[in-house]
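A.B. asks: Pasting in a structure now, in structure tokens, and then I'll have a few things to ask.
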Amino acid sequence: MLIKCPWCGDRALQEFSYQGDATVQRPAEPAEPTDAKWDDEWYQFVYLRDDPKGWHDELWQHNLGCRKHFKARRNTVTHEIADTGPMNEELKGGDK
Amino acid sequence: MKKYSVFSLARNALDYHENWTEAWRSPEPKPEYDVIIVGGGGHGLATAYYLAKEHGITNVAVIEKGWLGGGNVARNTTIVRSNYQLEGNAFFYEKGMDLWRDLSQDLNYNVMFSPRGVINLAHNDAQVDAFQRRGNTMRLNGIDAEWMTVDQIKKKAPLLNTENMRYPVYGGLCQPKGGTARHDAVAWGYARAADDRGVDMIQNCEVTGMRIENGKILGVETTKGFIGAKKVGVAVAGHSSQVFQMAGMRLPIETHLLQAMVSEPVKPALDTVITSGAAHCYISQSDKGELVFGGDIDFYNSYAQRGNYPIIEHVVTAMCELFPAFSRLRLMRTWGGVMDMSMDGTPIIDKTPIDSLYINAGWCYGGFKATPASGWCFAHTIAQDQPHDLSSEMRLNRFETGHTLDEKGVGSTPNMH
Amino acid sequence: MVDLTERVSALAAIYETGTFGATVDGGPSVAFSERRPLSIVHVAGKPDDKAFSDGVKTACGCDLPTTPGDIATSGDLSLVWLAPERWLAVCPNRGSGVLEAAFRDACGDSGAIIDVSHGRTVIRLSGANARTVLMKGAPLDFHKKVFTPGRAAQSAISQCGTLITCPAEDTFDVYVFRAFGQHMWEWLTDAAGEFGYSVETPAT
Amino acid sequence: MSRSYRTPEGGRIDRSKLLNFTFDGKAYTGFQGDTLASALLANGVKLIARSFKYHRPRGIMSAGPEEPCGMIQLREGNRTEPNIRATQVELFDGLQASSQNRWPSVKWDINSINNLFNRMLPAGFYYKTFMWPKAMWMTYEEVIRHAAGMGRSADLPDPDRYEHMHAYCDVLVAGGGPAGLMAAKSAAESGARVILVDEHPELGGHLRGRKSKVGAKDAMDWVAGVRAELEAMEDVTILSRTTVASYYDHNMLVLNEHTGDHLPTAEGWTPRQRNWKVWAKQVVLATGSIERPLVFGNNDVPGVMLTNAIQTYANQYGVTPGNNAVIFTNNDSAYEAVLDMHDAGIRVAAVVDNRKVETAATATVRERGIPVFHNHVVFNVNGNKHGVKSVEVMALNEAGDHVAGSIIKLECDVLGMSGGWTPTVHLFSQSRGKLKWNEELTTFVPSESFQQERSAGACNATWGLNGCLKEGAKAGAEAAKAAGFVGAKAASAPKSDDHGMGDIRAMWRVPQPPHTHLKRFVDFQDDVATSDVELAVREGYTSIEHAKRYTTLGMGTDQGKTSNVNGLAIVSEELDKPIPEVGHTTFRPPYTAVTMGAITGTERGHHFSPIRRSPLHDWHLNAGATMVPAGMWMRAQYYQHPGEGMWDAIYRETLNVRNNVGLFDVSPLGKIDVQGPDAAEFLNRCYINGFGKLAVGKCRYGVMLREDGMIFDDGTTSRFSENHFMMTTTTAKAGPVMQHLEYLLDVEWPELNVHVVSVTEEWCGMAVAGPNSRELLSRITDADVSDEAIPFMGVTEVDICGVPGRIYRISFSGELAYEVGVPSDWGTHVWSQLMEKGADMGVAPYGTEAMGIMRIEKGHVVGAELNGRTTADDLGFGPMTSSKKAFIGQHAIGKPAFLETDRKQLTGLKSVDGKTKIPRGAQIVADPAGRIPMEQLGEVTANCYSPSMKEFIGLAIVKNGRERKGEKLWAYSPLTNEKCQVELVSPHMYDPEGEKVRG
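Protein chains in written order, with the working numbering: chain X, 1 to 96; chain S, 1001 to 1417; chain U, 2001 to 2204; chain Y, 3001 to 3999.
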């Protein structure tokens, strides 16, 4: 694969590390710290994944390059990459 | 079923083998079954067989979207072992070893189970500690385990490099009764034996939906129409997330891709199975002579059954480090399989929140060796509507309660298991 | 007091000047040397924070390069883009902590400055086959029209993370973590063996 | 026997360069430019191998990489290689080759007895037998394994050098035949960066073996001209002797270049092979095609060859594989070959053509007086290991499904067969391109592309030369255009002759007379005959994948290059299903097998994984340290003095710390600089304990969890100013922790203004530990090192031996201790000063073993306890866990399983009798004499002899261990047959009150 780092451009797969599903959201912490609270929201965040067959928004780190994390929309069947972008940008393309 | 034997082979040779019958039928699906097994891979076929054999449930269909045994049972590195540390795994896999030992005779199909020993190499003191800890657990659990010195390992695998290497070998944990089996034969043997007991094998039939009413499953929609069932068990390995999505469930599973490869066939050069965690490589030699080996998954989610080059390079490099003489052999074929990597590296065999729907998933790297035990326990779970004792820690809700079975101890990063 | 320039290189045990590798017509076509001693400071901050970008300019005399892979220079100092908010300032040794202090003083509380002068080994390769040697190691496009003087890229050679810069035509500096210095030296010189190579005395 | 099969002149060999070689120990000669196959044929050697299963005699069938039969063992000793196709070996002087898969010799092979029993050995026979008696399988298996396997592996390490190369290009052209050359030319002329790859030493593809004309020129002169033009262009790279092995995602291709295989040995700096990893914007596949065998009785006898192979041997090598040929074809392409054979002096006894109608090609042959039998087939070959003697020919019935009439016996010593051509679509298919069955051409052809590639020429089923040239030119231009060279134009293709294949009459199985059961081979290498494929279908292995796996069709080293289409066509006939419905098996990389060494490249031996060296590495070596790998690092394990045993040294080092002062190299510990206004807040969120209120000039031990609540890592973090911290990590987790912090800042908390930088390599770290450490420290710095100035867990920045450094008052050993950090280049200087200044007090370095003992004595946790399954509470960090702030993993602590009472907890162990060693890796049980399976209450995570306490101690994690203090249990290691009664004690075994560290 050749992955487009949003900063460094097209780079070989071996420079990157895959960092998981970009769509899971870390639950918000309560305003006031409380005792540990393990609930469905945390369970889902830590353990459950959509694991889609097809387009997948995911995280990669350019760990042997600029070391930045970024998002990629990649097809898990064909490995095509429709778009990559910094964390704060919306991804485009694919049929999502 | 026409018995296979050297005599039947001789008899048929006289007729130029023109009178052999098909190993299994290819029936049209009935409108309803007592049990439908979704997934005609090793686990699904084994489940159907044990449902019939152990629980007397024969009105069973195995529904397979492609060809029988076309998933991971067709594309693994054939290793069979039960060298686990955690209790929740140990007894389960050891049951598997019991079944493996008699499998050829039980199925009347030679699956070529070859208990030639599985050696895990330790490349540093910490690994010696960890492997001895594991070996001791195995022994106290009644599982065969031996510690091997470097010299003993050298004797068993003379071409193994132990000294002139970056990470020298300190010793190894051997499970003498572990080994390999002929992977395709396992699927075919189960299919033939299940067919003989009345199970319908429905190939080229894809499940497209699940009919669930009032929290109970009534059957599955397929490309050959709706098929009713009192119970449905799903054993679809790399497609677990997809199939359970039809039931509205999200799983603690990601689908990843594992590559494996073979060299050209050569005369016997390795008589045991060698695995090295430090080098990320496991290797054995097939009866045909090919070195069969693999390593890590490709690390990114994939349903592709085809991987990329960095991992191939990595695995071959590790293999050559372990066996510098094999550097001159040639890599003949590489392939990929998709596996359902669970969040703790351990499978799930359980009921689901949906009545009469059962799950068998999350096999990570380890599905092939588990085939008999998985079928055994899953059949029990379906027939009795409760988990078998041996798989009682492989529950679906263990992630929620914190009772994870994390052999590698890497936590909820499925690509690290 | 020791002389603060008397620093021991990671390559001290293996560094040997001379000509090595294959004997080829026309002589060796790759020259190696260690760049040392250097002052190297890791500079991090937000380029849109004016206090930071002005501070950097004050400290080193050049603007922050914001195009990925660009190198800005000012006198004997190079400021290499590493990441959207990270740069490496490199120059011949200015004395312990001097360059770091210059940035700290100029940037104040904006940005994060840290001296990494001792944490890198910098290997210079030059000559007609320098590119080819690097092509053996890193999955980067080293084509003459692509990897031009004034450009830098981070990648990996022989499993080690590297920063590779091109200060001049057919000249490249390979930065690695100090602990990998000896490994990288051995790997690169080995890769240059077929072309014949020379090892020159270290210089900044 | 000794007569030569070499033509008096002609061929692309250098007859002035005579080369000596041996085959099976017998000496032969050949010429520069020969392959081993052509040289053997020139010497009249027909029998060169034994087949896989039946050990039938086999010769050479092809002239290229598709060769299924002619495999040999090449070279000897540590350079020997099995399964080498003789057709691909360039002859060199001194070459040694031998036959394989035979014993004692290829002529008299004992296992050829298998052939007599071949009826007992149909496809999958082993699934049906060898099951009784049960215990015998391992014995059967051993016999099977020795009979199988083809050649043999070397048994010594590979002495050769291999390298890698990485490259990017605009257009990669795979194949240097007419289409590929035109593609490269068109693309290059547009200015694109082009890499042209061809597996042979010479470009030209099929032109090498033919006598074609391109324009007015001999084709090979035209090839040389184009090559020269391309070589003159700056941005063109021509890689010959190079195979495009694999085609991965996003146009990443792997090439295997044979840089030294044509040399007697690749010596010195010359790599034997070089693997290229290429990222191409566009690819042109011009990979040609492979002639198909026909499937008739005994079609494997040595001397039965592909027609184009005979033609190639005649034209390219000046070799006549026989004197008297019969050609059996179902298409026109063989006729050109017949003419060339005739020109080369081979008598062609007849052409047997299964087609009913004569074509224009027929006439060209008849003109030379060669008889042509139309609507006839060769259904059997008579011959043996000495080669073909004659062939048997019969007419076909009207439908073409039976033979009819009388048998015509034709004497001959070579039989050429041509069953049409199969486009080489392997790379296309690897690139995910979709194949479509073309009924007219009776082959799969490329249809939809998936990646940025296109096929041109014979691999696209374009048969004529003219068509190939044009299509290549067009593909090259299209590729360049797609790569951004908008002005690219197709180079004009010179007009040339354009022989095609004509109409083809597919005949997947040549019929045989009733009641005959001749072996008709489909896959020559794996001995798969029609009867095997038929049996597989009969037994229900009807999916093409089942049929392949059951029969092993296409699974040999040739990966079915000559057999796959024939095989699937027979399955389709048996199932009475059209071929497209049967489909094809997957084409897997690589195209031809690739030497593992080439894949490995330079990453062997000590370059397998880079060695990470501490700044003190050389000092340790000079001091005689035994070095041990710790991840990529090498660390000093212990420093043995003359006359000392290993454990003597380790105990001496330990006691020296306990009683005096020792030095330990802690440089490999991970160090991460954390800076920014939100640095304290960030650390608060990362650690279970608080860091917000850590005073400047102090450090604190911290524990990090994963999101699932298990311990991730631990270490101390120091505060140098309000916004500046330095975190330390364990050596093993330095990388993962860094990645974790970067992840949190990039993804979860981008709002935090914090920068993290690894500074592991910047600092040389030295633990100065022992009661005399303060005294020693005072000798190397002018700074105040008193307890007041640097209290326990204090940190200060001072000059040390004239260089700027840091002193941390932390202790892993449990003694009064410091950690000194100086910039790495000065590490040796400072360490040497410590050694020198402490000489009078007996300062000594200590290694990882002594450190390990002291940590056990103090109950500090490391990898074995931080095994990813332990919680903070399990290891006794419960009280440290803050409830006043949120941190990673906090919520997971609330999981029910974490609150259970029988969790395994950290505990210390002491050998009850004081004499028995606690076994390594033991399990904690109540009674080792109990029944198996036995309940295991816990596990020993560490064990040692404590020279300070003079007893055997250990650490363990034991169910409810904290509550069990004082209980006596057993540490039991059945693996080593050791056991030791242990008392459970507090893990803080040495100086439990911590008076020493605070001293």
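For every residue, glycine included, the Cβ atom is placed at its ideal position computed from N, Cα and C.
As the structure is a computational prediction, the values presented were derived from the model and not from experiment.
On the DSSP letters alone, give me the boundaries of the beta strand (DSSP E) that Y:His3374 sits inside.
C.D. replies: 3372-3374
A.B. asks: Please list the segments of the beta strand (DSSP E) lying wholly inside the region 3364-3444 of chain Y, counting only runs of 3 or more residues, in order along the chain.
C.D. replies: 3372-3374, 3376-3384, 3387-3396, 3403-3411, 3414-3418, 3421-3423, 3435-3438
A.B. asks: Per DSSP, what kind of secondary structure is Y:Val3830 in: helix, strand or coil?
C.D. replies: helix
A.B. asks: First and last residue of the alpha helix (DSSP H) that includes S:His1314?
C.D. replies: In the DSSP annotation of this structure, the continuous segment of the alpha helix (DSSP H) that includes S:His1314 starts and ends at 1309-1322.
A.B. asks: Short of 7 Å Cβ to Cβ, which residues in the region 26-47 of chain X face chain Y?
C.D. replies: Those residues of the region 26-47 of chain X that come within reach of chain Y (Cβ to Cβ, closer than 7 Å) are Arg26, Glu29, Pro33, Asp35, Ala36, Lys37, Trp38, Trp42, Val46.
A.B. asks: Got a sec, what are the start and stop residues for the beta strand (DSSP E) U:Cys2166 sits in?
C.D. replies: 2160-2168
A.B. asks: Give a yes or no on whether the C-beta atoms belonging to Y:Glu3815 and Y:Gly3859 are separated by under 7 Å.
C.D. replies: No; because the gap between Cβ atoms is not below 7 Å, this pair is not in contact.
A.B. asks: With distances taken Cα to Cα, identify the nearest neighbour of Y:Ala3349 among Y:Ile3407, Y:Gly3702, Y:Asn3324.
C.D. replies: Y:Asn3324
A.B. asks: Can you tell me which residues form a DSSP beta bridge with U:Phe2020?
C.D. replies: In DSSP, U:Phe2020 forms a bridge with U:Tyr2197.
A.B. asks: Suppose the cutoff is 6 Å on Cβ atoms and the five residues either side in sequence are ignored; what does the same chain contact list for Y:Arg3227 look like?
C.D. replies: Leu3203
A.B. asks: Should X:Leu2 be flagged as near chain Y, meaning a C-beta pair shorter than 7 Å?
C.D. replies: yes
A.B. asks: Quick check: the region 3419-3426 of chain Y against the region 3439-3456 of chain Y, are at least 3 beta-carbon pairs closer than 8 Å?
C.D. replies: Yes, they touch.
A.B. asks: Can you tell me the Cβ-Cβ gap for Y:Asn3115 and Y:Tyr3054, rounded? I've got them flagged as a contact below 8 Å.
C.D. replies: 4 Å
A.B. asks: Going by Cα to Cα distance, which pick from Y:Arg3719, Y:Met3841, Y:Val3756, Y:Phe3712 is closest to Y:Arg3869?
C.D. replies: Y:Phe3712
A.B. asks: Determine the DSSP secondary structure at S:Gln1280, reduced to helix, strand or coil.
C.D. replies: Note that residue 1280 of chain S is His in the sequence shown here, rather than Gln. S:His1280: coil per DSSP, three-state reduction.
A.B. asks: Would DSSP call Y:Ala3929 helix, strand or coil?
C.D. replies: coil
A.B. asks: Do you know whose CA, among Y:Asn3251, Y:Gln3739, Y:Gly3697, lies nearest Y:Gly3798's CA?
C.D. replies: Going by the sequence as given, residue 3798 of chain Y is Val instead of Gly. Answer by Cα proximity: Y:Gly3697.
A.B. asks: Out of U:Asp2049, U:Met2135, U:Gln2182, which one is the CA nearest neighbour of Y:Lys3753?
C.D. replies: Lys is not the amino acid found at residue 3753 of chain Y; the sequence shown has Asn there. Closest by alpha carbon: U:Asp2049.
A.B. asks: Using 7 Å as the limit for Cβ to Cβ distance, is X:His62 near chain S?
C.D. replies: So no, X:His62 is outside the interface.
A.B. asks: Mind checking whether S:Pro1372 and S:Gly1142 have CB atoms under 7 Å apart?
C.D. replies: no
A.B. asks: Is any beta-carbon of chain Y found at less than 7 Å from that of S:Arg1011?
C.D. replies: no
A.B. asks: Below 8 Å on C-beta distance, what does S:Ser1114 contact in chain Y?
C.D. replies: Trp3137, Met3138, Glu3141
A.B. asks: Within the 7 Å Cβ cut-off, does U:Gln2154 reach chain X?
C.D. replies: yes
A.B. asks: CB-CB under 6 Å to Y:Val3352, same chain, minus the five flanking residues each way: which ones, in chain order?
C.D. replies: Phe3328, Phe3373, His3376, Val3378, Val3393
A.B. asks: Under a three-way DSSP split, which group does U:Tyr2175 fall into?
C.D. replies: strand
A.B. asks: State yes or no: is the beta carbon of U:Met2001 nearer than 7 Å to at least one beta carbon in chain Y?
C.D. replies: The pLDDT assigned to U:Met2001 is 42, lower than 50, so where the model puts this residue is not dependable; a value taken from the coordinates is nonetheless given after this. Answer yes: the Cβ-Cβ gap between U:Met2001 and chain Y drops below 7 Å somewhere.
A.B. asks: Going by CA-CA distance only, name the one from S:Glu1400, S:Glu1221, S:Ser1356, S:Phe1368 that's closest to S:Val1035.
C.D. replies: S:Ser1356
A.B. asks: Going by C-alpha distance, which of S:Gly1336, S:Ala1379, S:Phe1007 is nearest Y:Arg3131?
C.D. replies: The question names Arg, yet the displayed sequence has Met at residue 3131 of chain Y. Of the candidates S:Gly1336, S:Ala1379, S:Phe1007, the one whose C-alpha sits nearest the C-alpha of Y:Met3131 is S:Phe1007.
A.B. asks: Which of the three DSSP states is assigned to Y:His4001 in this structure?
C.D. replies: The first residue shown for chain Y is 3001 and the last is 3999, placing residue 4001 of chain Y beyond what the model contains.
A.B. asks: Is the beta carbon of Y:Gly3383 closer than 7 Å to that of Y:Val3301?
C.D. replies: yes
A.B. asks: Between the alpha carbons of Y:Ile3113 and Y:Pro3057, how many angstroms are there, rounded?
C.D. replies: The C-alpha of Y:Pro3057 is placed about 12 Å away from the C-alpha of Y:Ile3113.
A.B. asks: When the Cα of U:Thr2148 is compared with those of U:Asp2173, U:Gly2137, U:Cys2160, U:Thr2162, which residue comes out closest?
C.D. replies: U:Asp2173
A.B. asks: Mapping DSSP to helix, strand and coil, what is Y:Pro3178?
C.D. replies: Correct three-state label for Y:Pro3178: helix.
A.B. asks: Comparing the C-beta of Y:His3250 with each C-beta of chain U, is any distance below 7 Å?
C.D. replies: Chain U, which has no Cβ nearer than 7 Å to the Cβ of Y:His3250, makes this no.
A.B. asks: Taking Cβ positions, are Y:Lys3277 and Y:Asp3170 nearer each other than 7 Å?
C.D. replies: no
A.B. asks: Do S:Met1343 and S:Phe1299 have their C-beta atoms within less than 7 Å of each other?
C.D. replies: no
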